[in-house]
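Engineer: In full-length UniProt numbering, the protein residues as written are 1 to 198.
Glycine residues also receive a C-beta, built at the ideal position from the N, C-alpha and C atoms.
Being a predicted model, the structure only gives us computed values, none of them experimental.
Handing you a structure now.
Laid out in structure tokens, this is it:
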């Protein structure tokens, strides 16, 4: 248990140092060796914890990918589960829907590598949701529902990130995105009915 705690602390310390360097100098400009030196660890320690350089930025990958599946509830329609989940996350100003610091948001938006990785993460989340829904619905229907819902989440994520990068106050971003999300989920509700379970 103590060993796991030390590993977790080391991982967090490396991620914090890397994030600071990336924000100050740009993601593409900083090397893994420079991160290791600044964190006072071996380069191999960095790559053991973070196999891809992008993972130093997106260190909540597992939580992000699993977030929508974790919101599902067998007693409630999929859309209602994920609508409620989104607005709860919005009320918390949750990082998993794009809330972060302005410098962090600008770093992502100005890095082709990070934007590509972010697209991959959204796709991984869509695949996870599709797989979970395919246990209840026809696989094609499950993929279609997952694609629509995760596209809504992705578009709203991008809007939050853009507004934060522009330096808008979180409260203003949350208010603006709340209205957008209401319209997006209403639109989905009018046309997204996956039909009967298998």
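Looking at the unbroken alpha helix (DSSP H) that takes in residue 15, where does it start and where does it end?
Structural biologist: For this step, residue 15 is matched to residue 15 along the chain shown. Where residue 15 is concerned, the enclosing alpha helix (DSSP H) stretches over 2–25.
Engineer: Short check: CB of residue 42 to CB of residue 33, under 8 Å?
Structural biologist: Here residue 42 corresponds to residue number 42 of the chain shown, with the count starting at 1. Here residue 33 corresponds to residue number 33 of the chain shown, with the count starting at 1. Their beta carbons are not under 8 Å apart, which means residue 42 does not touch residue 33 by this criterion.
Engineer: Considering Cα atoms alone, identify which of 143, 99, 130 and 111 is closest to residue 172.
Structural biologist: Translated into the one-based positions of the chain shown, residue 172 becomes position 172. Measuring from the Cα of residue 172, the nearest candidate turns out to be 99.
Engineer: Quick one, which of 109, 92 and 134 has its alpha-carbon nearest residue 226's?
Structural biologist: One cannot answer for residue 226 here, as it falls past the ends of the chain, which runs 1 to 198.
Engineer: Could you pull out every residue in the same chain whose Cβ sits closer than 6 Å to the Cβ of residue 149, ignoring the five residues on either side in sequence?
Structural biologist: Position 149 of the chain shown, counted from the start, is the residue given in the question as residue 149. Closer than 6 Å at the Cβ level, and outside the excluded window around residue 149, lie 82.
Engineer: Is the stretch 39–54 touching the stretch 75–90 in the sense that three or more CB pairs, one from each, lie closer than 8 Å?
Structural biologist: Not touching, per the Cβ criterion.
Engineer: Expressed to the nearest angstrom, what Euclidean distance is found between the alpha-carbon atoms of residue 54 and residue 92?
Structural biologist: Here residue 54 corresponds to residue number 54 of the chain shown, with the count starting at 1. Here residue 92 corresponds to residue number 92 of the chain shown, with the count starting at 1. One C-alpha to the other measures close to 25 Å.
Engineer: Tell me which residues share the same chain as residue 165 and place their Cβ nearer than 7 Å to its Cβ, disregarding the 5 neighbours each side in the sequence.
Structural biologist: The sequence position of residue 165 within the chain shown is 165, counting from 1. Closer than 7 Å at Cβ, skipping near neighbours: 102, 105, 106 and 109.
Engineer: In this structure, does DSSP put residue 42 in helix, strand or coil?
Structural biologist: To locate residue 42, count along the chain shown from 1; it is residue 42. In the structure shown, residue 42 sits in coil (DSSP, three-state: anything other than H, G, I, E or B).
Engineer: Could you tell me whether the Cβ atoms of residue 2 and residue 60 are closer together than 8 Å?
Structural biologist: As a working note, residue 2 is residue 2 in the chain shown. As a working note, residue 60 is residue 60 in the chain shown. Not closer than 8 Å, so no.
Engineer: Let's test the definition: count the other Cβ atoms within 10 Å of the Cβ of residue 31 and tell me whether it reaches 16, buried, or not, exposed.
Structural biologist: For this step, residue 31 is matched to residue 31 along the chain shown. Exposed, since its Cβ has fewer than 16 Cβ neighbours within 10 Å.
Engineer: With a CB to CB cut of under 7 Å and the five nearest residues on each side skipped, what residues in its chain are close to residue 147?
Structural biologist: If you number the chain shown from 1, residue 147 lands on position 147. Closer than 7 Å at Cβ, skipping near neighbours: 126.
Engineer: For the alpha helix (DSSP H) that contains residue 84, what are its first and last residues?
Structural biologist: In the chain shown, residue 84 corresponds to position 84, counting from 1. Where residue 84 is concerned, the enclosing alpha helix (DSSP H) stretches over 78–92.
Engineer: Three-state secondary structure (DSSP) at residue 34?
Structural biologist: In the chain shown, counting from the first residue as 1, residue 34 sits at position 34. In this structure, residue 34 counts as helix in the three-state DSSP scheme.
Engineer: Which residue from 75, 68 and 74 puts its Cα closest to that of residue 89?
Structural biologist: Against the chain shown, residue 89 aligns to sequence position 89. If we check each option's Cα against that of residue 89, 68 comes out closest.
Engineer: State buried or exposed for residue 114, treating a residue as buried only when at least 16 other CB atoms are found within 10 Å of its CB.
Structural biologist: In the chain shown, the residue the question calls residue 114 occupies position 114. The residue is buried, with at least 16 neighbouring Cβ atoms inside 10 Å.
Engineer: Looking only at its own chain, which residues have a Cβ that is under 6 Å from the Cβ of residue 118, when we skip the five neighbours before and after it?
Structural biologist: Numbered from 1 along the chain shown, position 118 holds the residue referred to as residue 118. Nothing meets the Cβ criterion.
Engineer: Closest by CA to residue 18, which one among 5, 38, 144 and 182?
Structural biologist: What you label residue 18 is simply residue 18 of the chain shown in a count that begins at 1. The shortest Cα separation from residue 18 among 5, 38, 144 and 182 belongs to 38.
Engineer: Under the three-state reduction of DSSP, which class applies to residue 190: helix, strand or coil?
Structural biologist: On the chain shown, position 190 is the one that residue 190 refers to. Residue state, collapsed to three classes: helix.
Engineer: Can you find the residues in the same chain that come closer than 7 Å, C-beta to C-beta, to residue 22, ignoring five residues on each side of it along the sequence?
Structural biologist: Locating residue 22 in the chain shown gives position 22, counting from the first residue. Excluding positions up to five away in sequence, the list reads 30, 57 and 107.
Engineer: Using the Cα positions of residue 178 and residue 75, report the straight-line distance between them to the nearest angstrom.
Structural biologist: Numbered from 1 along the chain shown, position 178 holds the residue referred to as residue 178. Numbered from 1 along the chain shown, position 75 holds the residue referred to as residue 75. Going from the Cα of residue 178 to the Cα of residue 75 covers about 25 Å.
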